[in-house]
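Engineer: Before we start, here is the structure in question, set down as structure tokens.
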Amino acid sequence: LDKTYDKLKFKRQEEAALVMDLQQVDGRLSNLTAEQQRIAATINELTRRKADAQRQVDEQAAKLERAQRSVAKLQGKMADGSPQVKEADLGEVRDITRAMLNELATLAAQVPELGIA
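Heads up: the sequence shown is residues -3 to 113, going by this note's numbering.
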């Protein structure tokens, strides 16, 4: 009878341990399910953001293409050698030449032994 009582006691202890293990596993499953849902939501958000970014890239590529066509068209007009373009280039060259001459004059005044007159 004592032996049977001990077996019953042992079985009840095993059952309690199994119930506790089952509760722990159930809690872990709940945590993992919640984590999986958070990860799925994050993946969905990242997918949406990727699609938005790709759409913006496509829009910018189209804008760039239009801008490049406009630049090419304007360069074609400028390549005609219009007087306004030539005058602007000539004015720029004059400004650069004046600046260089002023620098040479300043240098000649600072260092007379160079013999720059």
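The C-beta atom is built at its ideal place from N, Cα and C for all residues, glycine as well.
By how many angstroms is the C-alpha of Lys46 removed from the C-alpha of Leu100?
Structural biologist: C-alpha separation (whole angstroms): 58 Å.
Engineer: If you scan the segment 54 to 111 from start to end, which runs of the alpha helix (DSSP H) of 4 or more residues do you find wholly inside it?
Structural biologist: Those alpha helix (DSSP H) runs which fall completely within the segment 54 to 111 and span 4+ residues are 79 to 106.
Engineer: Rounded to a whole number of angstroms, what is the C-alpha to C-alpha distance between Gly79 and Leu86?
Structural biologist: For the sequence presented, residue 79 should be read as Pro rather than Gly. Going from the Cα of Pro79 to the Cα of Leu86 covers about 10 Å.
Engineer: My guess is that Leu97 and Ala104 are in contact by the Cβ rule of under 8 Å, so how many angstroms apart are they, rounded?
Structural biologist: No, Leu97 and Ala104 are not in contact; Cβ-Cβ is about 10 Å, not under 8 Å.
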